[in-house]
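First up is the structure itself, then whatever we jot down about it.
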Amino acid sequence: MRTFLIEPFDIMLHATEEGVQALQARFATWLRTLPGPARFFCWQTPASLDEKIAQVSRAARETDDSRRAALLMEYRRHYEMLEAEADYQRTLCGMALWSDETPRALAGGMISAFDTPITEAPLPPLFEGSYELRESPFWHLAPVGRPGGRPLLAVMTSYEFLPASWNFFRPLANVLRLNIPLALVVDIPKTFERNAAVDAVENIIAAYQVHLSGVRGEDSRS
Numbered sequence: 403m404r405t406f407l408i409e410p411f412d413i414m415l416h417a418t419e420e421g422v423q424a425l426q427a428r429f430a431t432w433l434r435t436l437p438g439p440a441r442f443f444c445w446q447t448p449a450s451l452d453e454k455i456a457q458v459s460r461a462a463r464e465t466d467d468s469r470r471a472a473l474l475m476e477y478r479r480h481y482e483m484l485e486a487e488a489d490y491q492r493t494l495c496g497m498a499l500w501s502d503e504t505p506r507a508l509a510g511g512m513i514s515a516f517d518t519p520i521t522e523a524p525l526p527p528l529f530e531g532s533y534e535l536r537e538s539p540f541w542h543l544a545p546v547g548r549p550g551g552r553p554l555l556a557v558m559t560s561y562e563f564l565p566a567s568w569n570f571f572r573p574l575a576n577v578l579r580l581n582i583p584l585a586l587v588v589d590i591p592k593t594f595e596r597n598a599a600v601d602a603v604e605n606i607i608a609a610y611q612v613h614l615s616g617v618r619g620e621d622s623r624s
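Counting with the working numbering, you get residues 403 to 624 for the letters of the sequence shown.
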């Protein structure tokens with residue numbers, strides 16, 4: 403298994419319909435070249451501009467140049483306005499590939515697909531320290547011993563997605579907007595050939611139609 407870190411980018415740079423289609427087309431082309439399974443990771447943690455605001459304030463106090471101090475205070479007010487208007491996230495993305503190809507070749511293929519810097523590197527741990535499973539008030543993992551600021555953890559798993567509803571905006575956009583520490587993992591167990599993929603999608607659609615026509619209520623597979 404080879405692991406890589408992917409430089410995150412703002413998907414809104416591809417926000418037009420043509421941009422998203424081009425991005426998905428490159429991604430689909432890359433998927434067809436995969437010889438084995440793949441796993442995409444995304445770690446997201448809330449972030450703030452407090453450190454930057456403190457740095458600018460400290461520089462304004464320490465300078466003897468009144469014009470520089472005034473400019474730095476303008477920067478501080480600007481950063482404070484940005485901090486008040488939005489929730490910021492710090493993101494780390496990675497990919498694990500089960501392949502015998504060289505890391506350089508694998509990274510090159512992903513760079514062409516995602517159009518962002520990618521390097522081979524070990525993935526950071528999802529959490530640190532010891533945890534135990536607890537049932538109340540809902541099933542979750544709680545830190546054992548001194549928490550030390552460690553969060554509670556909950557794991558949600560889905561094995562199937564509603565046909566034609568999965569893309570770069572749904573449901574990823576709403577999930578990644580949550581202002582909480584979040585780790586998202588997408589498994590790609592198999593890449594189909596074009597005709598086999600069409601048959602697989604048609605079979606899934608047919609199965610959903612049969613399921614929805616005979617059952618009322620929540621889909622048990624969701």
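Don't be surprised by glycine CBs; every beta carbon is placed ideally from N, CA and C.
Contact fails between the region 543-550 and the region 515-528, because fewer than three Cβ pairs, one in each stretch, are under 8 Å apart. When secondary structure is reduced to three states using DSSP, LEU473 falls in the helix class.
By the 16-neighbour rule on beta-carbons within 10 angstroms, GLY496 is buried.
With contacts defined as CB atoms closer than 8 Å, ARG441 and VAL458 fail to qualify as a contacting pair.
Between the region 456-476 and the region 583-601 there are fewer than three C-beta pairs closer than 8 Å, too few to call the two in contact. Contact between the region 406-417 and the region 490-508 is established, with three or more Cβ pairs separated by less than 8 Å. The region 549-556 makes no contact with the region 443-450; the number of CB pairs closer than 8 Å stays below 3. For LEU535, the enclosing beta strand (DSSP E) begins and ends at 533-536. Counting only the Cα atoms, ILE455 lies some 46 Å from THR435. Per DSSP, the continuous alpha helix (DSSP H) segment holding MET512 begins and ends at 505-516.
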